[in-house]
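Participant: Just so we're aligned, residue 6 is where the sequence shown starts under my numbering, counting upward by one.
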Amino acid sequence: YGLENSEEKTLAAIGEEHNLTRERVRQIEKDILKHLKKNSAKSQSFLKAKDFLLNIVAEHGRVIAEENLLLKLNLQSASERNAVVFLLHLIEELDHFIHDNYKKAWVYVLFNNDLLHKSMEVSKSILADKSKPLASEEFLEHFKQTDFYKQNESELSDKIVLNFLSLALEIEKNVFGEWGLMDWKEIKPRDVGDKAYLVMKNGKKPLHYAEITELINKAGFDNRKAYKETVHNEL
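1. Is residue 178 helix, strand or coil by DSSP?
2. Using 8 Å as the Cβ pair cut-off and three pairs as the minimum, do the stretch 69 to 88 and the stretch 122 to 131 touch?
3. Report the residue ranges of all beta strand (DSSP E) runs contained in full by the stretch 130 to 189; include only those spanning at least 3 residues, in chain order.
4. Going by the beta-carbon positions, is the gap between residue 108 and residue 170 smaller than 8 Å?
5. In the DSSP assignment, find the alpha helix (DSSP H) that holds residue 202 and state where it starts and stops.
6. How about the stretch 184 to 196 and the stretch 138 to 154: do they share at least three Cβ pairs that are nearer than 8 Å?
7. For residue 137, which residues from the same chain have a beta carbon less than 8 Å from its beta carbon, with the 5 sequence-adjacent residues on both sides left out?
8. Could you check whether residue 67 and residue 127 sit closer than 8 Å to each other, using their CB atoms as the reference points?
9. Strictly by DSSP, which residues pair up with residue 119?
10. Pick out whichever of 164, 134 and 140 has its Cα sitting closest to the Cα of residue 151.
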């Protein structure tokens, strides 16, 4: 779990260190977690942390991507992140949610998967129909016009709808806060030309190529630096 020095290790690697089989390490881990879950109720500090984490998951519709949860906690180091993930494993009310179509997440044990799945179907249909990235407010406006939303309105606050959206692997938000399908250039620009188009579209005014270069680098599309000569050639 990376609690000692922030370095996570596989069961096989730990087994090699202690001359144990991978399966034996898995059994020991299972027994330790079972013991800690049983005895954690005696710790007031653990119970406070547990209630705090459960409340965060609950207010997001009883499911939240692990990366989003850790971001909300504003943790300062890898060791702190690893410690929170370890605590999550000790909370009996939560399960690790692993699914091919969603980011790794944490859910309440009795989470309604159908609500999430149907919400994703409706969301992808809206984005595909509009064929352009949508700001959160605009997306919600279209979402609330669907029969699905009207039938499940009591369970779908704006925060929950957008949280469900952030869980999908096929949907992403671009640097300008607009939602779209992952394979769209407006969401994941592939080269400097795509990035130049996006900053000009967002700026909505004529720009010098040097300004465009500066805006590309400020936008933070990725860790690749744009250069004026390259932008000029692309334009």
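The beta carbon of each residue, even a glycine, is placed where N, CA and C say it ideally should be.
Facilitator: With the structure as the only source:
1. Under the three-state reduction of DSSP output, residue 178 falls in the strand class.
2. Not touching, per the Cβ criterion.
3. Complete beta strand (DSSP E) runs here, min 3: 176 to 178 and 183 to 186.
4. Their beta carbons are not under 8 Å apart, which means residue 108 does not touch residue 170 by this criterion.
5. In this chain, the alpha helix (DSSP H) harbouring residue 202 covers 197 to 208.
6. Yes: at least three Cβ pairs fall under 8 Å.
7. The residues are 185 and 191.
8. Cβ atoms of residue 127 and residue 67: not closer than 8 Å.
9. In DSSP, residue 119 forms no bridge with anything.
10. Distances from the alpha-carbon of residue 151 to those of 164, 134 and 140 put 134 closest.
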